[in-house]
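First up is the structure itself, then whatever we jot down about it.
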Amino acid sequence: MTIRLAKKDDVSKVSQIHAFCWRETYSFMPRTVLQSRNRKFRKSQWIKWFESQAKDEALFVVEADHVVVGFCFCCPNRDEAIQGRGEMHAAYVLPDFRGREVGPMMMMAMLDFMIGHELTPPVLWAFRDNPIRLWYAQMGWRAEVRRDRVIEGCAIPEVGYVCTDVGALHARLRKLIRRYCGETALTQTRQRFQRNPHQSSFRLTAVSPDNSRTMTETGRQTRLDPL
Ligand SMILES: CC(C)(COP(=O)(O)OP(=O)(O)OC[C@H]1O[C@@H](n2cnc3c(N)ncnc32)[C@H](O)[C@@H]1OP(=O)(O)O)[C@@H](O)C(=O)NCCC(=O)NCCS
6 MTIRLAKKDD VSKVSQIHAF CWRETYSFMP RTVLQSRNRK FRKSQWIKWF ESQAKDEALF
66 VVEADHVVVG FCFCCPNRDE AIQGRGEMHA AYVLPDFRGR EVGPMMMMAM LDFMIGHELT
126 PPVLWAFRDN PIRLWYAQMG WRAEVRRDRV IEGCAIPEVG YVCTDVGALH ARLRKLIRRY
186 CGETALTQTR QRFQRNPHQS SFRLTAVSPD NSRTMTETGR QTRLDPL
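In the numbering used here, the protein residues as written are 6 to 232.
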């Protein structure tokens with residue numbers, strides 16, 4: 006299992022997962038909204054993003070056996086209604102790969118990128134009817150503000166969360182990763198982060214002694230694992 010920065014070649018797979026997860030997770034949304042956020046829409050959105058890529062934004066992909074199974078995206082916070090410098094804007098993993106270390110590893114990758122780019126405290130938004138909100142609260146995110154996101158003319162309520170204690174969030178994520186990958190993984194993770202704690206280029210590897218799965222995350226495009 007690998008987490009790395011996305012490349013242009015990943016756009017197709019990212020768009021597919023993006024559209025799929027919206028339909029699968031956001032069944033509470035009007036049909037017109039889900040139909041509009043289809044693969045074609047996402048593809049043009051992500052292509053545009055690659056063309057105007059900002060240094061303080063990052064798109065990460067998760068790979069299992071060299072196949073992309075999830076992605077996450079973070080950027081500066083652009084909503085003045087919520088107090089935070091950076092935003093964890095998207096996190097989507099295919100259902101078969103949920104419920105293990107992938108979610109916590111993605112949040113940790115974004116958190117470290119944001120720390121390295123002075124984008125803390127971080128914020129995130131979740132649709133009011135998305136049950137994942139419970140997890141965010143458990144992880145120490147504080148519900149701060151509500152807003153309606155208008156998509157295709159439909160107002161969809163969402164809740165904005167802030168994390169004011171980045172250290173505590175980091176510790177909780179490490180604990181979860183330890184639960185899934187074991188003590189060895191955690192030690193390696195910590196060492197890697199300490200070696201390069203505040204730079205956008207870093208590499209993180211967590212090895213599970215139980216099943217020999219490996220997670221690697223790199224923030225430097227030139228050092229990516231081959232697809
Ligand atoms: C968000 C996401 C990337 C997190 O990754 P993950 O691998 O599921 O992370 P975890 O396994 O650690 O799950 C986090 C917790 O949320 C819970 N959870 C996940 N999806 C849930 C759902 N639909 N309903 C209720 N609880 C859910 C898990 O049970 C877990 O709780 P636990 O730690 O008490 O067992 C992944 O769940 C996902 O892709 N969800 C669909 C899209 C989505 O909602 N994205 C977030 C947009 S704000």
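All C-beta atoms, glycine included, are put in the ideal place defined by N, C-alpha and C.
Ligand 1 has a heavy atom closer than 8 Å to the beta-carbon of Val-107. Counting the other CB atoms within 10 Å of its CB gives Pro-109 a total of 16 or more, which places it among the buried residues. Not one heavy atom of ligand 1 falls within 8 Å of the beta-carbon of Val-150. Under the three-state reduction of DSSP output, Ala-24 falls in the helix class. Under the DSSP definition of a beta bridge, Asp-170 lacks any partner. The count of Cβ pairs closer than 8 Å, one atom from the segment 78-94 and one from the segment 120-138, reaches three, so the stretches are in contact. If only complete runs of 3 or more residues are kept, the segment 88-114 shows the beta strand (DSSP E) at 91-98, in order along the chain. Placement of the Cβ of Trp-130 at a distance of less than 8 Å from at least one heavy atom of ligand 1 is found. Around the Cβ of Gly-89, a 10 Å sphere holds 16 or more other Cβ atoms; the residue is buried.
DSSP places Arg-42 in the coil class of the three-state scheme, outside both helix and strand.
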